[in-house]
Amino acid sequence: MAGPIHYEVYVRKSAPSAWTLLIATEDRKHAIETAEDQLNDRLAIASRVTKETLDPDTMEFSSLTILTLGAPEEKKKKVADPAIRPACSGPAELYSPHARALIGRVLEDWLKREGVTAFELLHRPDVAERLEASGVELQHAIQKVAVPESQATGQDVHGVVRHYQKLVEQGMARLRKAGRDGHFPALEGRSIADLAHRLAGSSDRAFSMGGVIAGALKDRRGARERLGALMDLMDAAPADGPPRALVVVVVEQIVAEMLAVRTNLTEILGPSLDQGANLAAIVRMVAPAEMDSLLRMDPRLALMMPDVDGPAARLGVHLAAGEFPLLAASLARLVTRELTSSRRLRPADPVGEIDILRLLAMALTASAGRLLTLEEVQTAFVERSKSLVTADFVGAYVNPCPTVLAEAEQLTRLCENVTGGANKRAAARWLSACISSLRFETEMRQAVPGGPSASQKLATLARLQRAVRAAHLGEHDQTQIAEAIGAVGTNLEADANLVAQIVRAQVSAPQKLAALLKLATGEAGPLGPAADRARSEAIKLLRAPDVRTALSAAPESVAALKSLMQAAGLAA
């Protein structure tokens, strides 16, 4: 229950001044008139009336503003916290993975034109000098970093810009000095293994080895040639221990930044490959054991695997040996990023796109937990499945189909290969529209000279119905599509009077029963009214004394029919 109520009037005498209490009264009308008089008599530039209600339990007032008049209150500028400092405070912090990734983003275009990575920029004096000489590029990069950081932290933007300008100057000066002092010896006439052993004990070994390996790429042009040079260094590296780890860590960082650029990846794997083949090649490199296991189970999948040769094949050997774990995880995430993008994997081959997606899904799911979590893999393929149920993709996917039956079979395969509840429902709608169409029923019931017989068509419909059940659609969609197939099968059987023909056929009783039971169980025809008729006729035959006598005289025939009778729900 609310307690006593009163009203308070506050005023501001000038724009920058704060609100001050003028009066407190229990009369609402008097409070509002006083607030208006303050403005009319120019005694204040703004006034406000609040309703104050006392809570009897806590003895605290709750305030509600019921009137505000006059000039709006000025927004106070956010005061920067003096304890907040820029993200990077010293040249050494520019070499952290986070800082290198940021440098790669803000200088992306310049690094592509120069054909280098952010790691090389931080370890090669000649590349740093070219950036310094560019002027505008460097200034824009600093602003791209400073402006968002100042807005997020409340720091003065000019101060942050000056800080990073000074930091860049210090970093470049440190890099030039290291080059003049011989911290980055050239590899001409000496072995990378000898240098690794000599640097293994020094305090700045990572910086020095980074400069050595980055310098070895100075005259290399093109991603394929540069990767080949790095693999040569890996071959010449020490066999094991800290010296080898020193080389491996640097090479891994350069290769990871190099392969993060899509054009470099295309050049290394082969410009003739489409995006789907590129992703398959990457998965083959990062998950070789899982991919080899899949290829052994189904050798036909090997037809979709591109040939990986040259430096990419050499890199795959090191990835398979587990030497580049961070690079492997980075490449696996690159695959998931591409899967969640809108780019088609095989623009000219929708059927091939589904094939390659199936291969990628199996390989990445098998490797889940080592490179990616199962949730990451599932999310990527759910996102990719959204593009498989669009009108454009489905139209291109079924366009080559010569018949509506072939179209239905292709759409059933689409239902099987998409994932995610919403995507399954969308694919089911395409399939349902196809099977429920008049064109589908007309084509199936139409007798074509030299074409398939009614029994062959019924067997085809049975296979289609089983494929729909295997696609793991929602219960409602699966039932609806299965019933539509069953209805077409019923009309087709009625046109041919197939069940009656089987009953009248001049063959043995076991042969008649076998034919009827295959129809009744959905093996030789789709489940539905036609299957129910076949089951009824089979029951009638089983009850006939002469049939039972014939079956008793041929126990081997009963053994052959036993599984069919059990499937049809009949006592064996």
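For the sequence shown, the working numbering assigns the number 12 to the initial residue and increments by one for each residue that follows.
The C-beta atom is built at its ideal place from N, Cα and C for all residues, glycine as well.
Alpha carbon of asparagine 410 to alpha carbon of glycine 497, nearest angstrom: So the two alpha carbons sit approximately 26 Å from each other.
Proximal residues to alanine 511 (C-beta, below 6 Å), its chain only, five neighbours per side dropped: Within the same chain, and ignoring the five residues on either side of alanine 511 in sequence, no residue has its Cβ closer than 6 Å to its Cβ.
Cα-Cα separation, proline 102 to histidine 109: Taking the straight line from one Cα to the other gives about 14 Å.
Integer Cβ distance of alanine 374 from alanine 298, believed to fall under 8 Å: The pair is a contact, with the Cβ atoms about 5 Å apart (cut-off 8 Å).
Cβ-Cβ separation, phenylalanine 195 to alanine 189 (assumed contact under 8 Å), whole Å: Between phenylalanine 195 and alanine 189 the Cβ distance is about 6 Å, and since that is below 8 Å, they are a contact.
Backbone CA spacing between glutamate 63 and threonine 76 [nearest angstrom]: Distance between the alpha carbons of glutamate 63 and threonine 76: 9 Å.
Whole-angstrom C-beta distance between alanine 437 and valine 393, which should lie under 8 Å: Not really, about 12 Å apart at Cβ, beyond 8 Å.
Straight-line Cα distance separating serine 448 from glutamine 489: A direct Cα-to-Cα measurement between glutamine 489 and serine 448 gives close to 17 Å.
Pairwise C-alpha distance: aspartate 68 and threonine 31: As the crow flies, the alpha-carbon of threonine 31 is around 28 Å from that of aspartate 68.
Residues near methionine 242 in its chain [Cβ-Cβ closer than 7 Å; skip 5 each side]: Answer for methionine 242: Pro322, Arg325, Leu326, listed in chain order.
Buried/exposed call for glutamate 418, threshold 16 Cβ in 10 Å: Buried, by the Cβ-count rule.
Assigned exposure category for leucine 177 - 16 Cβ within 10 Å defines buried: The amino acid occupying residue 177 in the given sequence is lysine; leucine does not appear at that position. Exposed, because fewer than 16 other Cβ atoms sit within 10 Å of the Cβ of lysine 177.
Chain-order list of residues whose beta-carbon lies under 6 Å from that of tyrosine 408 (same chain, five-residue window excluded): Result list for tyrosine 408: Pro361, in chain order.
Cβ-Cβ separation, arginine 450 to valine 405 (assumed contact under 8 Å), whole Å: Wrong, their Cβ atoms sit about 16 Å apart, outside the cutoff.
Which listed residue (Asp285, Glu349, Val294, Val262) has its alpha carbon closest to that of phenylalanine 335: The closest CA to that of phenylalanine 335, considering only Asp285, Glu349, Val294, Val262, is found on Val262.
Exposure of asparagine 508, with buried meaning 16 or more beta-carbon neighbours within 10 Å: Counting every other CB atom within 10 Å of its CB across the protein chains shown gives asparagine 508 a total below 16, marking it as exposed.
Integer-rounded CB distance, given that threonine 351 should sit under 8 Å from arginine 311: 28 Å between Cβ atoms; not a contact.
Check whether methionine 220 and leucine 244 have beta carbons under 8 Å apart: Cβ atoms of methionine 220 and leucine 244: not closer than 8 Å.
Simplified DSSP state of alanine 91, which is helix, strand or coil: A caution first: alanine 91 carries a pLDDT of 49, below 50, which makes its placement in the model too unreliable to give a value.
Where the alpha helix (DSSP H) containing isoleucine 2 begins and where it ends: It is not possible to answer for residue 2, since the shown part of the chain is limited to 12 through 583.
Segment contact, 8 Å Cβ cut-off, at least three pairs: the segment 542-550 with the segment 524-533: Yes, they touch.
Bridge-paired residues (DSSP) for aspartate 66: Answer is Glu71.
Glutamate 268, buried or exposed, once every other Cβ within 10 Å from all chains shown has been counted against 16: Buried is the call here.
Closest by C-alpha distance to leucine 345, when choosing among Gln286, Leu228, Glu454: Out of Gln286, Leu228, Glu454, Gln286 has the C-alpha closest to the C-alpha of leucine 345.
Helix, strand or coil at methionine 12 [DSSP, three-state]: Residue placement at methionine 12 cannot be trusted, given a pLDDT of 45 that sits under 50; the coordinates are not used to answer.
Closest residue to threonine 347 among Leu371, Gly461, Glu364 (Cα-Cα distance): Looking at Leu371, Gly461, Glu364, the one whose alpha-carbon comes closest to that of threonine 347 is Leu371.
Cβ contact check for the segment 42-55 and the segment 18-30: 3 or more pairs under 8 Å: In short, these stretches touch, since the Cβ pair count reaches three.
Three-state secondary structure assigned by DSSP to serine 58: Strand, per DSSP.
Backbone secondary structure at arginine 53 - three-state DSSP: Arginine 53 falls in the coil class under three-state DSSP.
Aspartate 403 versus leucine 270: straight-line alpha-carbon distance, rounded: Spanning the two alpha carbons is a distance of roughly 31 Å.
Glycine 193 versus Leu210, Gly182, Gln181, residue with shortest Cα-Cα distance: For the set Leu210, Gly182, Gln181, the Cα lying nearest the Cα of glycine 193 is the one of Leu210.
Chain-order list of residues whose beta-carbon lies under 6 Å from that of alanine 91 (same chain, five-residue window excluded): No answer about alanine 91 holds up, because its pLDDT of 49 lies below 50 and its placement is not dependable.
Proline 317 vs alanine 300 beta-carbon contact at 8 Å: Not closer than 8 Å, so no.
Within-8 Å CB hit, histidine 151 to chain C: Going by chain labels, chain C is absent from the structure shown, which holds only one protein chain.
Nearest candidate by alpha-carbon position, reference arginine 273, set Gly126, Arg559, His169: Per the C-alpha coordinates, the member of Gly126, Arg559, His169 positioned closest to arginine 273 is Gly126.
DSSP state of glycine 81 mapped onto helix, strand, coil: Reduced to three states, the DSSP call for glycine 81 is strand.
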